[in-house]
Amino acid sequence: MSEPRKFGMKWYWIALVAIAIFSVFPMITGISAAFIAEANGCILNEGSSNPCIIAGVDWGDTLYTMGVLTWLMFATFPLAFVLFIIWVIVLIIHRTVWRRKLSEDSRP
Numbered sequence: 040m041s042e043p044r045k046f047g048m049k050w051y052w053i054a055l056v057a058i059a060i061f062s063v064f065p066m067i068t069g070i071s072a073a074f075i076a077e078a079n080g081c082i083l084n085e086g087s088s089n090p091c092i093i094a095g096v097d098w099g100d101t102l103y104t105m106g107v108l109t110w111l112m113f114a115t116f117p118l119a120f121v122l123f124i125i126w127v128i129v130l131i132i133h134r135t136v137w138r139r140k141l142s143e144d145s146r147p
């Protein structure tokens, strides 16, 4: 008799990491913008774009956009939560079907 197949969790872990990255990406961009602005002595706020000269180039608009992207978390967090619930449901269904099939295959 051949070795029973292992349950493939690899793709589930990849999907879970993708959901997690998707949910926190706006926060990462906002924190990155704050660190870049602080490190270069620039002012960063949500009210307006302020000039921020880094290596002779004005990065103010880019940092402003990155900072305002933090508000996107109001969309990505709930969506990631829904995706996580779907992920869990699909995992449970897949695991149940896999176990049932494995037990049927092991019967004489």
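Numbering follows the working numbering, with no gaps: position 21 of the sequence shown is 60.
Cβ coordinates follow ideal geometry from the N, Cα and C atoms, glycine included.
Here the structure is a predicted model, which is why all the values come from computation and not from measurement.
- With contacts defined by Cβ atoms closer than 8 Å, Thr115 and Ser62 form a contacting pair.
- Thr109 places its beta carbon less than 8 Å from that of Pro65.
- Rounded to the nearest angstrom, the gap between the Cα atoms of Ala59 and Ser71 is 18 Å.
- In the three-state reduction of the DSSP assignment, Ile93 falls in the strand class.
- Beyond the five residues adjoining it in sequence on each side, Val107 comes within less than 7 Å, by CB distance, of Glu85 in the same chain, given in chain order.
- The DSSP-derived three-state label of Trp110 is helix.
- In this structure, the alpha-carbon of Ala94 lies about 38 Å from that of Leu55.
- The alpha-carbon of Asp97 is positioned some 5 Å away from that of Cys91.
- Annotation: the continuous alpha helix (DSSP H) that includes Ser71 extends over Lys49 to Ala78.
- Each of Lys45, Ser87, Arg44 and Trp52 was checked against the Cα of Phe123, and the nearest Cα belongs to Trp52.
- Within a 10 Å sphere around the beta-carbon of Gly69 sit 16 or more other beta-carbons, which makes this residue buried.
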